[in-house]
Amino acid sequence: MQNDPAPPAMRLASTGTILHGVSVGELLGVSTLADARLIAGRSGLDRIVQRLNVMEVPDILAWVKPHELLLTTGYPLRNTPQSLDRLVADLDERGLAALAIKLGRYLDELPGEMVEQADRLGFPLILLPNDVGFDDILNQVLTDILNRQAAILARTEEAHRALVQIVLAGGGMREVTAEVAGLLQVAVGATDAAGHLLAAAGESAQVARLREINAALARTPAATPAAGDGHYAAVPIVAGGHHHGRIAAYSANGTLTPSDIGILERAATVAALVITKQEAVTAVESKYRADFLRDVLTGRGGLRVAERAQAFGWDLERPVSVLVAEIDPDAEERPVQDRMLAAWQASVRKHDPRGAVAGFSHEVVAIVGAAADPAKVARDALAAVSDGTFSTGLSRVASGVDALPGAYGQALKAARVGRQLHGAGAVAHFDELGVYRLLSLVNDTDELHAFVRETLGPLAGDDDAENADLRRTLQALLETNLNVAETARRLHFHYNTLRYRIGKLERMLGNFTEDAHLRLNLTLALHVLRMRGI
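Counting along the sequence shown from 1, when you hit position 328 you're at 328 in full-length UniProt numbering, and nothing is skipped either side.
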C-alpha cells in the first residue's frame with residue numbers, strides 16, 4: 001500500500017534464497033570471532049549479515065551484494081592504501097554489512113581517514129585475529145545464519161498452518177487477529193480499505209495504542225506514527241488484485257522482528273482468504289435476495305411470500321413504499337452499482353431496519369414502511385454516493401404484497417420521468433408527476449408517438465435544426481400563455497422576429513393562437529416528447 005508505514009528494515013535486497021540473517025553485533029559473539037576487535041562503525045552493529053564473501057581482487061565492488069560480511073587479508077589493497085577511505089564509502093553505498101580484515105601480513109594498519117569515514121557512515125570495521133582461518137569463520141557464521149533461517153521459517157510455517165486451520169474451521173477476521181496476537185504477544189488489528197478497524201486482539205493498552213495509530217493513518221495516510229522505531233508494522237491485504245485493507249501490529253515492549261513481519265504477511269494472506277470467502281457468501285446471498293424480490297415485484301412470488309421475506313429480516317405485510325434507484329445512462333455501471341447498493345443498504349438500515357433492499361442489473365430497489373420518509377431515505381442514499389449517478393422514483397403507499405408489483409411500476413416510471421424532467425440524480429414521487437403521470441400510464445407508446453407526429457408535424461423530429469428551434473419557440477409561447485413580450489424576453493428575440501416566427505408556426509401547425517383545443521394538443525405533444533425514451 002502506497003502510504004503504509006515502512007516495515008522494519010529486514011527485507012531481501014538482492015538475489016538469493018536467504019531471507020533472514022544475524023546482526024554484526026551478534027556475529028562478534030560467535031567463538032571464531034571471540035577475539036575480533038571492532039575498530040570503527042559502532043553505530044552500525046545492528047546491520048544484518050545474510051551472506052559472506054572474501055575479497056581476493058582489487059575490483060571487488062563488482063562482486064559484492066547487500067548484507068554481506070566481506071573478509072580480506074588486505075592483499076588486494078596493499079598497493080593502494082591511500083584509497084581505503086573511498087572503499088568504505090563504496091561498500092556502504094552497495095549495502096554491505098561490514099568489512100573484516102587481517103592486518104600484519106600485507107597491511108600494517110588502516111589509514112586514519114578510513115577509520116573516520118567508517119565511523120561517520122556507521123560502517124563496522126572489524127580486526128580479525130591472525131590465528132583464525134577464513135574457512136572457520138565462513139562455516140560457523142553461515143551455519144548460524146542458516147539455523148536461524150530454518151527456525152524462523154519453521155515458526156512462520158507453523159503460524160501459517162494454525163491460521164489456515166482457523167479459516168477451514170469457519171473462523172473469521174476476529175479469530176485470525178486473536179491467533180496472531182497470541183503468537184507474537186503484541187496487539188494485532190485488521191482494517192478495511194478505508195482504514196476502519198474490523199477486528200483487534202491483544203493486551204488492552206496495546207490495542208488502544210494500535211487504534212490511535214490506525215485512526216491517525218486514516219486521517220493522514222502519509223503519516224507514519226510509531227513506525228520509525230520498529231514498534232508498528234502493517235502489511236496490505238490483497239485479494240483478487242484488489243486492496244482490501246491491512247493487518248497491523250503494535251508492540252509496546254520491543255521492536256517487531258523480521259520473523260514477526262513474516263507471520264504478519266502470512267496472516268495477510270489468510271485474511272485475504274477470509275475476505276474472499278465472505279465476498280463469495282455475500283454474493284450468493286445478495287443474488288438470492290435479488291431474485292426473490294424481483295419475483296415479488298413482478299407478481300411471481302408464489303405462496304408464503306411474507307414468511308420467506310421474514311427470513312431476510314424484511315416485513316412486507318405492513319403498508320410500504322417502493323423506491324427504485326436507476327443508474328443514470330452516463331455512469332460506469334459496475335462500480336456505481338456496488339457503491340449505490342451499499343449506500344441504499346445503509347440508508348434503509350438507518351430509517352427502517354425491517355425494510356428490504358436488493359440490487360438488480362441496472363437499479364437498486366428498496367421497500368420501506370409507510371412510517372419512514374421515503375424521500376429522506378432516497379436523499380441519504382444519494383448523498384452517500386458523491387458522483388450522484390442515479391435517479392430515484394418513489395411509489396404510492398402499497399397496502400400489501402399483492403400491491404407491490406403496481407407500486408414497483410410507479411416507482412420505476414417516477415425515476416425515469418424524473419430524470420427526463422430534472423436531469424441525472426433526480427428524486428421524484430409518482431404523485432408529483434402531474435400530467436406526466438397520466439401520460440406514463442399509456443402503455444401503447446406507438447400511439448403516443450403517432451399523436452406527436454400528427455400534432456407537431458415536422459416539428460416532431462430533430463433532423464432539422466430550424467424545426468427544433470421553432471419547437472423551442474412554441475414551448476416558450478405555450479408556457480407564457482401566448483405572452484409575446486415575455487416570450488421575446490425569455491428567448492432574447494426582437495418583438496418583430498417573434499411575430500414572424502408565430503406566423504410561420506401557425507402556417508405549419510394551424511391557428512393555435514385562437515384555438516384552445518389545438519394549444520392543449522400541442523402542449524401534450526411537447527410533454528410526450530420530453531418523455532421520449534420512457
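For each residue, glycine too, the CB sits at the ideal point set by N, CA and C.
Specify the secondary structure class of residue i as computed by DSSP and reduced to three states.
i    : result
T191 : strand
F390 : strand
E326 : strand
H492 : coil
G409 : helix
N214 : helix
A226 : With a pLDDT of 43 at A226, under the threshold of 50, the predicted position of this residue should be treated as unreliable, and no value is reported.
N53  : strand
A306 : helix
M10  : The pLDDT assigned to M10 is 32, lower than 50, so where the model puts this residue is not dependable, and the model offers no usable value.
L482 : coil
I186 : Correcting the residue type first, residue 186 is Val in the shown sequence and not Ile. Here V186 sits in coil by DSSP.
S399 : coil
Y75  : helix
L87  : helix
E109 : coil
R246 : strand
E363 : strand
P236 : strand
R530 : helix
Classify residue i: buried if its beta carbon has 16 or more other beta carbons within 10 angstroms, exposed otherwise.
i    : result
D92  : buried
K504 : exposed
A309 : buried
S399 : exposed
L448 : buried
R51  : buried
L520 : exposed
Would you mind stating whether residue i and residue j have Cβ atoms separated by less than 9 Å?
i           : j    : result
V284        : V296 : no
I126        : A89  : no
L394        : R471 : no
G95         : P124 : no
L509        : G425 : no
T473        : L498 : yes
G299        : P405 : yes
V427        : L382 : yes
A525        : T480 : no
S347        : A378 : yes
G74         : R37  : no
residue 555 : A476 : The structure shown does not extend to residue 555, since the chain is modelled only from 1 through 534, so no value can be given for it.
On the premise that residue j lies in contact with residue i, defined as a C-beta separation below 8 Å, what is that separation, rounded to the nearest angstrom?
i    : j    : result
M340 : F292 : In fact, because the Cβ distance is near 20 Å, the residues do not count as touching under 8 Å.
I263 : V180 : 6 Å
S43  : G133 : Actually they do not touch by this definition, with Cβ atoms about 29 Å apart.
D46  : S23  : 5 Å
L184 : D260 : 5 Å
V115 : L69  : Incorrect: roughly 18 Å between the Cβ atoms, too far for contact.
D144 : V54  : That pair is no contact at about 18 Å.
D315 : R354 : 4 Å
G359 : A280 : Contact flag wrong, Cβ pair sits at about 16 Å.
Tell me which residues share the same chain as residue i and place their Cβ nearer than 8 Å to its Cβ, disregarding the 5 neighbours each side in the sequence.
i    : result
H527 : V435, Y436 and L439
Closer than 6 Å by C-beta to residue i: which residues in its own chain qualify, once you throw out the five before and the five after it? Chain order, please.
i    : result
V322 : I367, S395, A407, Y408 and A411
R318 : G369
A468 : D462
T269 : none
R209 : Y250
A252 : Q206
Can you list, in chain order, the residues of its chain with a C-beta nearer than 7 Å to that of residue i? Leave out the 5 residues immediately preceding and following it.
i    : result
L197 : G189, T191, R211 and N214
R501 : L470 and T473
V442 : L448
A267 : L163, V176, V180 and I247
G202 : A181, V186, A187 and V188
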